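Residue numbers (my numbering), protein chains in the order written: chain A, 1 to 121; chain B, 122 to 227.
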Amino acid sequence: QVQLQQSGPGLVKPSQTLSLTCAISGDSVSTNSAAWNWVRQSPSRGLEWLGRTYYRSRWYDDYAESLKGRITITPDTSKNQISLHLNSVTPDDTAVYYCAREFLGRGFDSWGQGTLVTGSS
Amino acid sequence: IQLTQSPSSLSTSVGDRVTITCRASQGISGFLAWYQQKPGKAPKLLIYAASTLQSGVPPRFSGSGSGTDFTLTISSLQPEDFATYYCQQVNSHPYTFGQGTKLEIK
Chain A
1 QVQLQQSGPG
11 LVKPSQTLSL
21 TCAISGDSVS
31 TNSAAWNWVR
41 QSPSRGLEWL
51 GRTYYRSRWY
61 DDYAESLKGR
71 ITITPDTSKN
81 QISLHLNSVT
91 PDDTAVYYCA
101 REFLGRGFDS
111 WGQGTLVTGS
121 S
Chain B
122 IQLTQSPSSL
132 STSVGDRVTI
142 TCRASQGISG
152 FLAWYQQKPG
162 KAPKLLIYAA
172 STLQSGVPPR
182 FSGSGSGTDF
192 TLTISSLQPE
202 DFATYYCQQV
212 NSHPYTFGQG
222 TKLEIK
């Protein structure tokens with residue numbers, strides 16, 4: 001059974017960087033069968049896909065167009081986890097952030113517990 | 122690709138048959154998933170590939186559709202089914218979600 005455990009601060013000052021980690025158990029971050037995603041949810045935006053990383057003989061990543069230049073998603077094979085970094089945070093980035101596994105293109109079948117991140121001083 | 126769900130909310134009763142629709146702004150073949158979300162929890166995958174039930178999901182849930190029009194049906198609503206439901210297209214990036222349908226107790 002795949003489990004995703006998120007960690008990271010819940011408060012980020014404006015202009016600083018939001019950093020979250022998602023530890024994976026029950027699967028490998030390097031698997032060829034899955035992609036590892038970040039999604040956020042807020043009352044104003046609903047569910048919003050942020051980006052993903054995945055391994056297919058080499059590492060790939062994709063990002064939401066609206067966040068390109070601010071977002072980085074990186075794998076850590078030694079710790080079997082992924083990380084999200086979102087810089088230049090504003091109050092508009094306030095949301096619950098989730099990591100999620102996409103398995104064989106079937107949608108997101110495993111999710112982290114969610115982290116409420118508030119962009120505020 | 123924009124996804125439009127209807128209705129946005131629905132007052133229903135235990136035992137009712139419920140149908141939620143999801144319309145895509147362009148064709149997505151059968152690349153649609155449905156999720157259930159309860160307050161304070163992450164979404165839970167119910168159906169993928171428009172009509173395939175995720176392992177462990179009760180058979181009262183079913184999905185259908187292809188192209189631009191999809192439906193999620195709950196054949197006989199149970200107390201634990203009162204939640205918000207979302208569709209998601211996984212045809213092309215960026216993956217997008219519908220705005221949600223909230224089932225409330227009548």
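Think of the CB as a built atom: it goes at the ideal place given N, C-alpha and C, for glycine as much as any other residue. The model shown is predicted, which means the values in this text are computed figures rather than measured ones.
Quick one: which chain A residues come within Cβ less than 8 Å of residue i?
i: B/Ala154; result: Arg106, Gly107 and Phe108
Is residue i close to chain B? Criterion is C-beta to C-beta, closer than 8 Å.
i: A/Leu86; result: no
i: A/Trp49; result: yes
Starting from the beta carbon of residue i, find every residue of chain B whose beta carbon is closer than 8 Å, and list them in chain order.
i: A/Ala64; result: Pro215
Chain A beta carbons: is any one of them nearer than 8 Å to that of residue i?
i: B/Tyr207; result: yes
i: B/Val211; result: yes
i: B/Gly221; result: yes
i: B/Pro128; result: no
i: B/Leu224; result: no
i: B/Ala170; result: yes
i: B/Leu166; result: yes
Strictly below 7 Å CB to CB, what residues from chain A border residue i?
i: B/Gln175; result: Asp109
Tell me residue i's beta-bridge partners as DSSP assigns them.
i: A/Ala23; result: A/Gln5 and A/Gln81
i: A/Arg40; result: A/Glu48 and A/Tyr97
i: B/Gln126; result: B/Cys143
i: A/Gly119; result: A/Val12
i: B/Lys223; result: B/Ser130 and B/Thr205
i: A/Ser88; result: The partner list for A/Ser88 (beta bridge, DSSP) is empty, contrary to what the question assumes.
i: A/Glu102; result: A/Ala35 and A/Phe108
i: B/Pro83; result: No statement about residue 83 of chain B is possible, as the shown extent of chain B runs from 122 to 227 and does not include it.
i: A/Leu18; result: A/Leu86
Residues of chain B with CB under 7 Å from residue i, in chain order?
i: A/Gly46; result: Phe218, Gln220 and Gly221
i: A/Gly114; result: Ala163
i: A/Tyr122; result: Outside the displayed range of chain A (1 to 121) lies residue 122 of chain A, so it cannot be described from this structure.
Since I believe residue j is in contact with residue i (beta carbons under 8 Å), could you give me their beta-carbon distance rounded to a whole number of angstroms?
i: B/Lys223; j: B/Thr194; result: With 8 Å as the limit, B/Lys223 and B/Thr194 do not qualify as a contact, their Cβ atoms being about 17 Å apart.
i: A/Leu20; j: A/Arg101; result: Not confirmed; about 15 Å, so no contact.
i: B/Ile149; j: B/Asn212; result: 4 Å
i: A/Ser88; j: A/Ser15; result: 6 Å
i: A/Ile73; j: A/Gly51; result: 5 Å
Verify the CB distance criterion: does residue i have a CB-CB separation below 8 Å to chain D?
i: A/Asn80; result: Going by chain labels, chain D is absent from the structure shown, which instead holds the protein chains A and B.
Taking the runs of the beta strand (DSSP E) that are 3 residues or longer, which of them lie wholly in the region 131 to 212 of chain B? 139 to 145, 153 to 158, 165 to 169, 182 to 187, 190 to 195 and 205 to 210
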